[in-house]
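As numbered in my numbering, residues 1 to 456 make up the sequence shown, in order.
Every residue, glycine too, gets a C-beta built ideally from N, C-alpha and C.
Each remark here refers to the structure printed beneath this line.
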Amino acid sequence: MDFRELSFPGAPLIKTPPPGPKSKEHLDYQSFHEGSAVSYPRAMPMALSRAKGATVEDVDGNLYIDFFGGAGVMNVGHSNPEVIEAATSQLTNLTHSLDVPNPARRALVETLLSLLPDSLNKVFFGGPTGSDAVEAAIKLARYNSQFYPLIAFEGGYHGMSAGALSLSSGLGFKEDFLPLLPEVHFVPYAYCYRCLFRKKPDSCELDCAKYLEHILEDPHSGVGKPAALIVEAIQGEGGSIVPPDQFIPKVREICSKHGIILIVDEIQTGFCRTGKMFAFEHTGILPDIVTMSKALGGIGFPISCVAYKEELDTWPPGKHIGTFRGHVVAYAAGRVALNFMVENKLVEHASHLGRSMLSWLNEIEKDSKIVGEARGKGLMLGIELVKDKESKEPAPELAKRVRASCHSHGLLIEIGGHFSNVARFLPPLILTEELALKGIEIFEDAIREAEKSMKV
Ligand SMILES: Cc1ncc(COP(=O)(O)O)c(C=O)c1O
């Protein structure tokens, strides 16, 4: 398929600086009638009318290149025609089934199992969001383990529901709601740009993983034997952090040695995003439980799933229930989206285009005073902005400025990272090289503009 046909032609095109008058009217209505926790429209002030492929149109007729991808949902592109067709035909047949079997559900299960390693041979659909998958994984792990504590990583993000939020490290999200689940312990991730142990990736001996080993082996660590450990093979919200190759295998080894169930959260990294179907495939390890959501629903139909080893399938009927246990339209959409990914080689495309984009970003990094590090894998990229490359002082204000400048020139990006100073790209994986280049040019201009603002 020619990916150019999937997006609107002519992007970016800014007819009226955003927010234009129609957008503004929607935003005013929203801020008057909806709760003040609404957040994305504050970062990207506009109202949306249509979206296609890797492009988005606002109600004022502005066209944007989308490096945000609905927070990593739109792997096969907005309004993917094959997914729309499957979802539309499912809509007129069956839309709700709880967990009663049906052909659409079965077809998605078959497709998922064909993509997962053989050892992950059970799948389970719970509530529709990524957070729901994490809750299910926590319960499954605890049900199978005689232990209670959980281990998570600094910089990890796993969702907003109580259990998932307990496992997420960002204090901004959780500090007003404490206490959450007790006995959750955080250990350092391999965030080499800001290595806690002051090592360099080429000379380090994985001190961060050794610290995990230490807290499990020292009787005075204060950490009881855990039921499970949850990890992202590449951290997303934490700032697109790619650990060194040996880190996840070491974590796997430690979990196996200590009888700890290893949950790999693929909610953001899954389904070709990082240049593999699942990010754990880069590491050669096998997880015990995998959580999936986001791109699983094809074009934004909410659905989540856990896959796990059969030996963990000990929970009895009804142990984890809910009205929405998967969604029939999402099954149909998801199956066709997964087929689209395979048929159109999105693994290879994400890997190849991601490598080109990272090399362009590395060029910008070389010349820039504020790009501390450009990093990532596949089409999950992060650009860490700092006030000074020597001290690495984080620059969250510059990140906001860059995002605003990108938006006003027709490019949507995300911000994340420990200090909210990492510009993040999670574009639809059907992004063309042409749109990628145009987007990077807008980003580079925004970086230059932000640098100038520092001199004043
Ligand atoms: C790795 C990871 N896990 C879990 C979640 C939570 O998913 P949701 O927002 O659908 O609850 C997210 C969301 O960004 C995520 O990136």
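Query, Result
"Taking the alpha-carbon of residue 422 as reference, which of 342, 129 and 240 has the nearest alpha-carbon?", "240"
"What is the rounded straight-line gap between the Cα of residue 380 and the Cα of residue 237?", "11 Å"
"Mapping DSSP to helix, strand and coil, what is residue 305?", "strand"
"Look at the Cβ atom of residue 385, then the Cβ atom of residue 364, and state whether they are nearer than 8 Å.", "no"
"Looking only at its own chain, which residues have a Cβ that is under 7 Å from the Cβ of residue 221, when we skip the five neighbours before and after it?", "214 and 215"
"Over the uninterrupted alpha helix (DSSP H) stretch that includes residue 425, give me the two end residues.", "Careful: residue 425 lies outside any alpha helix (DSSP H), inside the beta strand (DSSP E) at 422-425."
"For my contact list, residue 294 and residue 263 are in at a C-beta cut-off of 8 Å; report their separation, rounded to the angstrom.", "Actually they do not touch by this definition, with Cβ atoms about 16 Å apart."
"Going by the C-beta, is residue 248 closer than 7 Å to any heavy atom of ligand 1?", "no"
"How about the region 323-340 and the region 291-306: do they share at least three Cβ pairs that are nearer than 8 Å?", "yes"
"Taking all protein chains shown into account, decide if residue 121 is buried (16 or more other Cβ within 10 angstroms of its Cβ) or exposed.", "exposed"
"Based on the DSSP secondary-structure assignment, which residues constitute the bridge partners of residue 78?", "53"
"May I ask which residues mark the beginning and end of the alpha helix (DSSP H) holding residue 320?", "No alpha helix (DSSP H) holds residue 320; DSSP gives it neither H nor E."
"Hey, would you say residue 324 sits closer than 8 Å to residue 76, going by beta carbons?", "no"
"Kindly give me the distance between the Cβ atoms of residue 261 and residue 289, rounded to whole angstroms, as I take these residues to be in contact under 8 Å.", "6 Å"
"In the DSSP assignment, find the alpha helix (DSSP H) that holds residue 336 and state where it starts and stops.", "328-343"
"At a cut of 8 Å, does the region 355-364 reach the region 106-115 through at least three beta carbon pairs?", "no"
"Which one of 217, 251 and 247 has the shortest CA to CA distance from residue 229?", "251"
"Are residue 156 and residue 428 closer than 8 Å when you measure CB to CB?", "no"
"Would you mind working out which of 310, 129, 125 and 60 sits nearest residue 98, comparing C-alpha positions?", "125"
"Candidates 316, 449 and 227: which alpha carbon is nearest residue 182's?", "227"
"Buried or exposed for residue 177, please, with buried defined as at least 16 other CB atoms from any protein chain shown within 10 angstroms of its CB.", "exposed"
"Please state if the CB of residue 403 and the CB of residue 415 are separated by a distance shorter than 8 Å.", "yes"
"I want to know whether the region 344-358 touches the region 432-450 - three or more CB-CB distances under 8 Å.", "yes"
"Starting from residue 355 and walking both ways along the beta strand (DSSP E), at which residues does that stretch end?", "Where residue 355 is concerned, there is no enclosing beta strand (DSSP E), although the alpha helix (DSSP H) it sits in stretches over 346-367."
"Given 7 Å as the limit, tell me if residue 40 has its C-beta closer than that to any heavy atom belonging to ligand 1.", "no"
"Would residue 366 pass as an interface residue toward chain E - the criterion being a Cβ-Cβ separation below 8 Å?", "Within the model displayed, chain E is absent; a lone protein chain is all it includes."
"Using a threshold of 7 Å, is the CB atom of residue 306 nearer than that to any non-hydrogen atom of ligand 1?", "no"
"Take residue 344 and list the residues in its own chain whose beta-carbon comes closer than 6 Å to its own, dropping the five residues that flank it on each side.", "1"
"Compare the C-alpha of residue 209 against each of 167, 172 and 253 and name the closest.", "253"
"Between residue 442 and residue 89, what straight-line distance do the alpha-carbon atoms span, to the nearest angstrom?", "39 Å"
"Could you give the DSSP three-state label for residue 190: helix, strand or coil?", "coil"
"Using 10 angstroms around the beta-carbon of residue 132, count the other beta-carbons present and answer buried if the total reaches 16, otherwise exposed.", "buried"
"Quick one: any contact between the region 53-72 and the region 13-21, if contact means 3 or more CB pairs under 8 Å?", "yes"
"Rounded to the nearest angstrom, what separates residue 84 and residue 247 at their Cα positions?", "40 Å"
"When burial is assigned at 16 or more other CB atoms within 10 Å of the CB, is residue 399 buried or exposed?", "buried"
"Could you pull out every residue in the same chain whose Cβ sits closer than 7 Å to the Cβ of residue 368, ignoring the five residues on either side in sequence?", "447 and 451"
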